[in-house]
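**Student:** Got a structure for you, questions after.
Number of protein chains: 4
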Amino acid sequence: MKLDSRPFVPADPAFASRVRESFARQGAMATIGARLAGVEPGYCAIELVPTPALAQQHGYVHAGVVAMIVDSAGGYAGYTLFPATASVLTVEFKLNLLAPAQGERLIAEGFVVKSGRTLTVTRGEVHAQSAGRRTLVALMQQTLIAMHGKPDAPAA
Amino acid sequence: MKLDSRPFVPADPAFASRVRESFARQGAMATIGARLAGVEPGYCAIELVPTPALAQQHGYVHAGVVAMIVDSAGGYAGYTLFPATASVLTVEFKLNLLAPAQGERLIAEGFVVKSGRTLTVTRGEVHAQSAGRRTLVALMQQTLIAMHGKPDAPAA
Amino acid sequence: MKLDSRPFVPADPAFASRVRESFARQGAMATIGARLAGVEPGYCAIELVPTPALAQQHGYVHAGVVAMIVDSAGGYAGYTLFPATASVLTVEFKLNLLAPAQGERLIAEGFVVKSGRTLTVTRGEVHAQSAGRRTLVALMQQTLIAMHGKPDAPAA
Amino acid sequence: MKLDSRPFVPADPAFASRVRESFARQGAMATIGARLAGVEPGYCAIELVPTPALAQQHGYVHAGVVAMIVDSAGGYAGYTLFPATASVLTVEFKLNLLAPAQGERLIAEGFVVKSGRTLTVTRGEVHAQSAGRRTLVALMQQTLIAMHGKPDAPAA
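Order-wise, the sequence lines are chains A, B, C and D. If you use my numbering, the first sequence corresponds to residues 1 to 156, in order. If you use my numbering, the second sequence corresponds to residues 157 to 312, in order. If you use my numbering, the third sequence corresponds to residues 313 to 468, in order. If you use my numbering, the fourth sequence corresponds to residues 469 to 624, in order.
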């Protein structure tokens, strides 16, 4: 793995609380029981406990639910590097499903690959964790857009 | 739009009931309130009513929820052409988000582009419907795999 | 096929000559012998005659050569709708290969799905034509960005 | 970067010569002047020197040419792990373009993420190298299929 790896410097020192507040406004994350598990410059992790309410027809977590957590992890990874006056939208993502999404816990991680003024590219991984073993269940590549002048939070 | 358009002939005449039963086993579709709205050879439609429980941080339906319904629509479109003894898995999909997913109703449609013995390729669209107007909100391209000898339904 | 299909109105009436001049500046298109075969608002077609110089290891046209013509077709489809003062860059594309790329002729077509001020989304198809039969060999979904204030042509 | 990283064990000890012979049969690689620069289990690198004959309209290497080398790098990375009796086809790939492809040399690298009996998933990177500096210019995610019983080389 030899991606460029300059350390990322956030434009807004309050990036982590900005991510936490935005995550808390997502009804969809609450509905599936997802939890914000880590926020660093250019990085975000989201955890999920598989339940029958999140299953597809064979009992594994639905590919779309896997997409929900890794799209959000990638989106917030990018958002950590945005100025406070911008919000983030997903332009597109591509997701490969590599193994059944099951186990005690799913961990979705988003990593910024390139952060530009308008567009940001991230990659994402989802691992299933069970009895101390991690299995890679999904791989994502994503494009984000920064909406400058449109802060994420509604004005008070 | 000039895609090849031979009419598809299902291998299993009971394809529609097979899709309905499989859809009914998906806890995730019930959790988000999605409804199977149409099944034809090489085609499937799924509808969803936006609610705050499905929202991202700006109040629109989460991109991952959009992914859930269009991934399922594409998967079942492919599955209509499978023999009764096979089940379907998503290998990968790519989703572009084109407009905010909001309105009275979202309609996800999956269309088979090419159905092979092992791999099937579909395309998908999600439209938002509001006051009689339809807006294209997402566009998908997807690869499926047929798991031969592994019927979708658990043995009774 | 039910994509939104408003007729596209080009911002620049000279869009077709702009596309032709830009295509003529592409050394890569000359190297592979690609020919501009059609330009309409929101649409572009590029043709290619398969030769051993374009082949992968089994003698079919290389997937990357297929990508070259359909990426260009999609890019110019988007570019037809740009103002004369903007140029076009590919942000990303996703390509499914559906059948061996061989025959008398390959025809790549790009169709604009949504044209925005900054981002444009297109879809693309590549058909092989042989003895009067057309076979779909590849399917693409693409995101473009308009570089405003950077005309495609070098200043004279 | 925390992808699963078991060392890969090739099924065929002659994997490297198999890759070299296959690469040598690709007319397309010769046409663009690409060179096989490294082959290891689950890994392949291909180099290319930018020339005007490979350029798009602004003088950078065409996105499709970038796709050619990274698609081949990913394909051969997967092929290193195949048995001698199988050949490799690209099912699909998705490519993000991150920076202009220019400089003294482009280096495309393919990395196997998951190698299965039928499907293999890889990721790819393309760096531009100039005056000792490396810039990431493209990021790929790819699905391959193994064609068992169809060796890559034509029977003598």
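Just so you know, even glycine gets a beta-carbon here, dropped at the ideal spot from N, CA and C. Predicted model, so just to flag it, every value in this text is computed and none were measured.
Would you mind sorting residue 62 of chain A into buried or exposed? The rule is 16 or more other CB atoms within 10 Å of its CB.
**Tutor:** Buried, because 16 or more other Cβ atoms sit within 10 Å of the Cβ of residue 62 of chain A.
**Student:** Report yes or no: is there a C-beta of chain B within less than 8 Å of the C-beta of residue 469 of chain D?
**Tutor:** Because residue 469 of chain D sits at a pLDDT of 39, beneath the cut-off of 50, its placement in the model cannot be relied upon, and the point is left open.
**Student:** Is residue 405 of chain C helix, strand or coil by DSSP?
**Tutor:** If DSSP states are grouped into helix, strand and coil, residue 405 of chain C belongs with the strands.
**Student:** Using a threshold of 8 Å, state whether the C-beta atoms of residue 30 of chain A and residue 66 of chain A are closer than that.
**Tutor:** Not a contact, by the Cβ cut-off of 8 Å.
**Student:** Please state the DSSP three-state secondary structure of residue 242 of chain B.
**Tutor:** In this structure, residue 242 of chain B counts as strand in the three-state DSSP scheme.
**Student:** Express the C-alpha separation of residue 262 of chain B and residue 288 of chain B in angstroms, rounding to a whole number.
**Tutor:** Cα-Cα distance, rounded: 12 Å.
**Student:** Helix, strand or coil: which one does DSSP assign to residue 60 of chain A?
**Tutor:** In the structure shown, residue 60 of chain A sits in coil (DSSP, three-state: anything other than H, G, I, E or B).
**Student:** Of the residues that make up the segment 393 to 406 of chain C, which ones have a beta carbon closer than 8 Å to any beta carbon in chain D?
**Tutor:** Taking 8 Å as the Cβ-Cβ cut-off against chain D, the residues of the segment 393 to 406 of chain C that qualify are 399, 401, 402, 403, 404, 405 and 406.
**Student:** Is it true that the segment 363 to 373 of chain C meets the segment 423 to 431 of chain C, where meeting means three or more beta-carbon pairs spaced less than 8 Å apart?
**Tutor:** No contact exists between the segment 363 to 373 of chain C and the segment 423 to 431 of chain C.
**Student:** Would you check if the distance between the CB atom of residue 354 of chain C and the CB atom of residue 320 of chain C is smaller than 8 Å?
**Tutor:** Against a cut-off of 8 Å, the Cβ pair of residue 320 of chain C and residue 354 of chain C comes out as a contact.
**Student:** At a CB-CB cut-off below 7 Å, which residues of chain A make contact with residue 611 of chain D?
**Tutor:** Neighbours of residue 611 of chain D on chain A, chain order: 96.
**Student:** Using the rule of at least 16 other Cβ atoms within 10 Å of the residue's Cβ for burial, across every protein chain shown, is residue 104 of chain A buried or exposed?
**Tutor:** Exposed is the call here.
**Student:** Nearest by alpha-carbon distance to residue 251 of chain B: which of B:282, B:265, B:236 and B:295 is it?
**Tutor:** Looking at the Cα atoms, B:295 is the closest of the given residues.
**Student:** Please list the partners that residue 485 of chain D has in chain C, where partner means a Cβ-to-Cβ separation under 9 Å.
**Tutor:** Near residue 485 of chain D there are no residues of chain C at all, since even the closest Cβ is about 14 Å away, more than 9 Å.
**Student:** Would you mind reading off the limits of the beta strand (DSSP E) that contains residue 261 of chain B?
**Tutor:** That run of the beta strand (DSSP E) goes 261 to 271.
**Student:** Please report the distance separating the alpha-carbon of residue 348 of chain C from that of residue 359 of chain C.
**Tutor:** Answer to the nearest angstrom: the Cα atoms are 6 Å apart.
**Student:** Run through the segment 589 to 617 of chain D for me and flag every whole beta strand (DSSP E) of 3 or more residues, listed as ranges in chain order.
**Tutor:** With a minimum length of 3 residues, the continuous beta strand (DSSP E) runs that stay inside the segment 589 to 617 of chain D are 601 to 616.
**Student:** Would you check if the distance between the CB atom of residue 241 of chain B and the CB atom of residue 307 of chain B is smaller than 8 Å?
**Tutor:** Result yes, Cβ atoms of residue 241 of chain B and residue 307 of chain B sit closer than 8 Å.
**Student:** Just to make sure I have the definition right: I need the residues of chain D whose C-beta is within less than 9 Å of the C-beta of residue 121 of chain A. Which are they?
**Tutor:** Correct list: 564, 566 and 607.
**Student:** Write down every uninterrupted run of the beta strand (DSSP E) in the segment 168 to 230 of chain B whose length is 3 residues or greater and which is fully enclosed by it, in chain order.
**Tutor:** Qualifying beta strand (DSSP E) stretches, in chain order: 191 to 196 and 199 to 204.
**Student:** Looking only at DSSP bridge pairs, what is residue 119 of chain A linked to?
**Tutor:** According to DSSP, which records beta bridges pairwise, residue 119 of chain A is partnered with A:145.
**Student:** Who are the near neighbours of residue 314 of chain C in its chain, counting only those whose CB is closer than 8 Å to its CB and skipping five residues on each side?
**Tutor:** Its pLDDT being 43, under 50, residue 314 of chain C is placed unreliably in this model, and the value from its coordinates should be taken loosely. Around residue 314 of chain C: no qualifying Cβ.
**Student:** Expressed to the nearest angstrom, what Euclidean distance is found between the alpha-carbon atoms of residue 254 of chain B and residue 441 of chain C?
**Tutor:** The straight-line gap from Cα to Cα measures roughly 32 Å.
**Student:** With DSSP run on the structure shown, which of helix, strand or coil describes residue 389 of chain C?
**Tutor:** Helix.
**Student:** Can the beta-carbon of residue 331 of chain C be found less than 8 Å from the beta-carbon of residue 356 of chain C?
**Tutor:** Against a cut-off of 8 Å, the Cβ pair of residue 356 of chain C and residue 331 of chain C comes out as a contact.
**Student:** Step through the CB atoms of chain A and report whether any lies within less than 8 Å of the CB of residue 447 of chain C.
**Tutor:** No - not a single Cβ of chain A is within 8 Å of the one on residue 447 of chain C.
**Student:** Less than 8 Å between the C-beta atoms of residue 457 of chain C and residue 393 of chain C, yes or no?
**Tutor:** In this structure, residue 393 of chain C does not lie closer than 8 Å to residue 457 of chain C by Cβ.
**Student:** Residues of chain A with a CB under 8 Å from the CB of residue 430 of chain C: which are they?
**Tutor:** Neighbours of residue 430 of chain C on chain A, chain order: 118 and 145.
**Student:** Can you give the Cα-Cα distance for residue 483 of chain D and residue 547 of chain D, rounded to whole angstroms?
**Tutor:** So the alpha carbons of these two residues sit roughly 8 Å apart.
**Student:** What's the call for residue 485 of chain D, buried or exposed, on a 16-neighbour Cβ count within 10 Å?
**Tutor:** Counting Cβ neighbours within 10 Å, residue 485 of chain D comes out exposed, since fewer than 16 surround it.
**Student:** Using a beta-carbon distance below 8 Å, is residue 596 of chain D in contact with chain C?
**Tutor:** No, because no Cβ of chain C sits closer than 8 Å to the Cβ of residue 596 of chain D.
**Student:** Which residue from C:435, C:459, C:422 and C:337 puts its Cα closest to that of residue 527 of chain D?
**Tutor:** Nearest C-alpha to residue 527 of chain D: C:337.
**Student:** Do the CB positions of residue 334 of chain C and residue 610 of chain D come within less than 8 Å of each other?
**Tutor:** It is not a contact, given that the beta carbons lie outside the stated cut-off.
**Student:** For residue 270 of chain B, which residues in chain G fall below 9 Å Cβ to Cβ?
**Tutor:** Here the protein chains are A, B, C and D, and chain G is not one of them.
**Student:** Are the CB atoms of residue 64 of chain A and residue 220 of chain B within a distance shorter than 8 Å?
**Tutor:** Taking 8 Å as the Cβ cut-off, residue 220 of chain B and residue 64 of chain A qualify as a contacting pair.
**Student:** To the nearest angstrom, how far is it from the Cα of residue 265 of chain B to the Cα of residue 579 of chain D?
**Tutor:** Using only the alpha carbons, I get a separation of about 34 Å.
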